[in-house]
Every structure is written in C-alpha cells, then in structure tokens.
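Structure first, then comments.
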Amino acid sequence: MDFQTPEDTVPSDFITEELTRQLVGKPKATGAWRDGDPAGERLFALVGTLSLENGKTLHQARLAYESWGTLNSDASNAVLILHALTGDSHAVGKASKDHPTEGWWSDLIGPGKYIDTDKYFVVAPNILGGCQGSTGPSSLDKQGKEYGSRFPYLTIRDQVLAQVAFSDFLNIKKWHAIIGGSMGGMHVLEWAIDYPERVNRIAVIAAPAVTGADQIALNSVQIEAIKADPNYQKGNYYDAKAGLGPHAGLALARRMALLNYRSPSELNERFDRTWQSDINPLGDGGRFAVVSYLDFHGNKFTRRFDANSYICLVEAMNSHDVGRNRKSVKTALGKIKAKALVIGIDSDRLFP
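If you're matching positions, the sequence shown starts at 2 in the numbering used here and goes up one per residue.
In structure tokens, the structure reads:
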C-alpha cells in the first residue's frame, strides 16, 4: 500500500487535491506526539504511580488534557469529556501543526453550545495508553527509552484509575457530569459504578456494558493486521526511518475499523459503485471510490497515531465487562447513583 494517494486517482468528489496534499512524504515511524514536540493547547497532569489490575505498576504516569471555561469557587461546575478509541484531548479547536485533527466535538462544546463553557468548566484528557501526550507505549521510561513492547496491559478500569488521579490533580472532588462515547462511554460506566460519590450525572453514548464476542473478534483481526506487518518488529520500531514503521498494518487496521463505524446503507448511498477516477477499476488498474476512501483514511491515520497505542487501547476495550468480579452486570449497574442519559444508535455496527 502506498503512503500517498496515486496522482492518477485524484481529484474526485471524495478524495480532493487538498486532502491528497496531507499525505505528501513518508510518515514517521510513529504518529505519536513526543516530548519536545510543540504542546499546542495541551496541558499536562502528573498522576503518579498507578497500581494496575494485573499487579504491575506504572510509574510517573501523565495525562495530557485541554480545558475550556472557568472552574467556579466550589468546583461544582466541572464536566469531564472522555474520548473514543482514536480520539485525544483536542475536543475543541482547529487542526494545526500542534494538533493533527480538528476538535472532534467543536460543534457541541463552547460558549452558548450544548456543553456551555460560559457555565461549565470542561476538561478532556487523552486517555492512559494513548499517544497524544499521555503516558503510553511511545512514552519514555526512566532510562529514556520508549516502552514499546514493555508497556503494561491496561484495562478500562486502569484507565479510569488514572482519570481519578487526574481529578485529584485538578482538585475536583465531584464532577457535575461525565460524558463519553464508545470507548469513552465504557469509562463513564466504570466511573459511575466504582466512584458513585464523585459524579452527579453521566451521559453514555454508543457504549455497551460488556464488550461481546462479536466486538472482540472484530478488534482481534485489527490487532493481528498490525502485528503481521514485518515493520512492527514486535512493537519495537521507534528507531525506524520514515516510511519504515508499521504503517501498512496500522492503516489496514484503521480501514477495518472504519467499516465498523459506517453502516452498509451509508456506504452504498455515499459511494454506490462510483470510480475514484476515469480509470476503470474493472481490470484497468483503477479503484472504486469507496476503496480509495478507505485507503486514504488508513494512510492519513498513520500520521497521527501509534501502532502500539492502537493495540493497547483495543485490548483495553476487549477487557470491558462491568460485571467482571461484581457478581453480574445487573448488580454492577445497580451501584450507579448518578442521573444517567444513555444513548444508543441502532445503525452502529460495533456498539448499537
């Protein structure tokens, strides 16, 4: 797979010349934010030593975060926003050289918007194990070497433990609300179950109480796509030259994931059987537009994400089961005291 969209397939209605310019040149070994890179709007919270569910310890953990609005005198107006699998702390704002993507909830968060920053102090951290400033596999250990394959296995509960320490760092004892979608919604549920005294309201969007076998299966093939890339080097690829990281495997995993995030009706309506260019895909070397779309977004993803982080976070999603070691799902959910808004999306293949 190429790391630039071939010139003979652009522009089109779907992959424009402007978009193609984003893929010029070879991607670095990792798309992770690294210490020494411009911080942009990121702030950093040291959350200390974390004792993980598997008995291991993660020292000197850090979460990157961004915030909007003003915390009031009694810290009662704080809202915690938790992102989905490939999100980060940049929930609001434009894309820039410091932030590879535009804010994923810019339409919802801001003055006078649904999550009104004139009323609320809104905080969005990059989750533990992520790659945009929080401690993860691409972070440096005490010896100044990337964790890589040595980074510990994380569960959703481990990540929430880091978020609780983050709340203490901010001196927020009780959140007015915690909101999250997909993987972020998993975190919200664990917050409400394990720390009911620390949240008044929750909003869970397109997230299950348990990651089921179908979802685990879909996740597992994405992990194997990355590991099958010879440039993955068992997770120790950070010294690789540009273009020689596990980009093909990570891009393929992203393409698989996109099929989970899009419904058949959406793909058929948007792309039908259109071609990406004038070159016939029926034997003449051209591509269908939908194939080009997946290829482009897979390649683009390699420039802002880390392969090890992707595996780490997908494995954390697979760990999700609110009933684990709590008798049952019903028993666990019965511990929730917060007012709850739960939103399901029936066209969502992954978490309807």
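All residues carry an ideal CB built from backbone N, CA and C; glycine is no exception.
Got a sec? Which residues, its chain only, sit under 6 Å from Gly236 by beta carbon, not counting five neighbours each side?
Cβ within range, chain order: Gly149, Ser150, Asn309.
From the DSSP output, read off the bridge partner residues of Ile116.
Paired residue(s): Ile110.
Counting pairs of Cβ atoms below 8 Å between the segment 250-257 and the segment 290-305, do you hit three or more?
Flag = yes, the segment 250-257 and the segment 290-305 touch.
To the nearest angstrom, how far is it from the Cα of Ala166 to the Cα of Thr136?
Roughly 14 Å separates the two Cα atoms.
If you scan the segment 213-276 from start to end, which runs of the beta strand (DSSP E) of 3 or more residues do you find wholly inside it?
List check, beta strand (DSSP E) in window: nothing returned.
In this structure, what does DSSP give as the bridge partners for Phe422?
One cannot answer for residue 422 here, as it falls past the ends of the chain, which runs 2 to 353.
What are the boundary residues of the beta strand (DSSP E) that Ile344 is part of?
Segment 340-344, the beta strand (DSSP E) holding Ile344.
Using only the alpha-carbon positions, how far apart do Ile157 and Ala79 sit?
About 22 Å.
Consult DSSP for Arg43 and reduce its assignment to one of helix, strand or coil.
Reduced to three states, the DSSP call for Arg43 is coil.
Given a threshold of 16 other Cβ atoms within 10 Å of its Cβ, counted over all protein chains shown, does Ile280 qualify as buried or as exposed?
Exposed is the call here.
So, with DSSP's three-state summary, where would you put His84?
In the structure shown, His84 sits in coil (DSSP, three-state: anything other than H, G, I, E or B).
Taking Ser90 and Ala125 to be in contact with their CB atoms under 8 Å, please state how far apart those CB atoms are, rounded to whole angstroms.
Right, the Cβ-Cβ distance comes to about 5 Å (below 8 Å), so this counts as a contact.
Could you tell me whether the segment 128-147 touches the segment 324-344, where touching means 3 or more Cβ pairs closer than 8 Å?
In short, these stretches do not touch, since the Cβ pair count stays below three.
Mind reading off the beta-carbon distance from Val200 to Trp176? Whole number of angstroms is fine, and I expect it under 8 Å.
Confirmed, about 5 Å.
Got a sec? Which residues, its chain only, sit under 6 Å from Gly70 by beta carbon, not counting five neighbours each side?
If we look at Gly70 and ignore the five residues flanking it on each side, its Cβ neighbours are Thr118, Tyr121, Phe122, Val123.
Is it true that the segment 179-199 meets the segment 208-221, where meeting means three or more beta-carbon pairs spaced less than 8 Å apart?
A contact exists between the segment 179-199 and the segment 208-221.
Rounded to whole angstroms, what's the CA-CA distance from Ala341 to Thr212? Just pull it up for me.
Cα-Cα distance, rounded: 20 Å.
Name the DSSP beta bridge partners of Tyr66, please?
According to DSSP, which records beta bridges pairwise, Tyr66 is partnered with Leu44, Pro126.
Could you give the first and the last residue of the continuous alpha helix (DSSP H) run that contains Gly186?
Unbroken alpha helix (DSSP H) run through Gly186: 184-195.
In chain order, what residues of the same chain lie with their CB nearer than 6 Å to the CB of Glu191, ignoring the 5 residues before and after it?
Here the set comprises Ile157, Arg158, Val161.
By Cβ distance, which residues of its chain are closer than 7 Å to Ile227, with the 5 residues on each side in sequence left out?
Cβ neighbours of Ile227 beyond the five flanking positions: Tyr233, Pro247, Gly250, Leu251, Ala254, Ala308, Tyr311, Ile312.
Please name the residue or residues paired with Leu176 in a DSSP beta bridge.
Checking the sequence shown, residue 176 turns out to be Trp, not Leu. Note: Trp176 sits in a beta bridge opposite Val200.
Figure out for me which residue from Pro197, Leu245, Lys242, Ser139 has the closest Cα to the Cα of Ala1.
Outside the displayed range of the chain (2 to 353) lies residue 1, so it cannot be described from this structure.
According to DSSP, is Thr50 helix, strand or coil?
It is a strand residue.
On the three-pair Cβ rule with 8 Å, is the segment 269-286 touching the segment 315-324?
No, because fewer than three Cβ pairs between the segment 269-286 and the segment 315-324 fall closer than 8 Å, the two stretches do not touch.
Can you find the residues in the same chain that come closer than 7 Å, C-beta to C-beta, to Ser97, ignoring five residues on each side of it along the sequence?
Around Ser97: Gly41.
From Gly1 to Val93, what does the alpha carbon distance come to, in whole angstroms?
The requested residue 1 does not occur in the structure, where the chain is confined to residues 2 to 353.
Hey, would you say Ala30 sits closer than 7 Å to Tyr239, going by beta carbons?
Yes, the pair counts as a contact, with Cβ atoms nearer than the cut-off.
Secondary structure at Leu155, three-state DSSP: helix, strand or coil?
Reduced to three states, the DSSP call for Leu155 is coil.
Quick check: what's the CA-CA separation for Ile224 versus Ala214?
The straight-line gap from Cα to Cα measures roughly 15 Å.
In chain order, what residues of the same chain lie with their CB nearer than 6 Å to the CB of Val343, ignoring the 5 residues before and after it?
Once the five neighbours on either side are set aside, the close Cβ partners of Val343 are Val205.
I'd like the list of long-range same chain contacts for Gly49, defined as Cβ closer than 7 Å, with 5 residues on each side in sequence excluded.
Once the five neighbours on either side are set aside, the close Cβ partners of Gly49 are Ala62, Ala166.
Would the beta-carbon of Lys27 fall within 7 Å of that of Pro153?
Taking 7 Å as the Cβ cut-off, Lys27 and Pro153 do not qualify as a contacting pair.
Who are the near neighbours of Thr10 in its chain, counting only those whose CB is closer than 8 Å to its CB and skipping five residues on each side?
Only weak support is given to the placement of Thr10: the predicted model assigns it a pLDDT of 41, under 50, and the value that follows is read from those uncertain coordinates. Here the set comprises Ile16, Gln277, Ser278, Ile280, Gly287, Arg288, Ser293.
Run through DSSP, which three-state label would Leu334 get?
It is helical.
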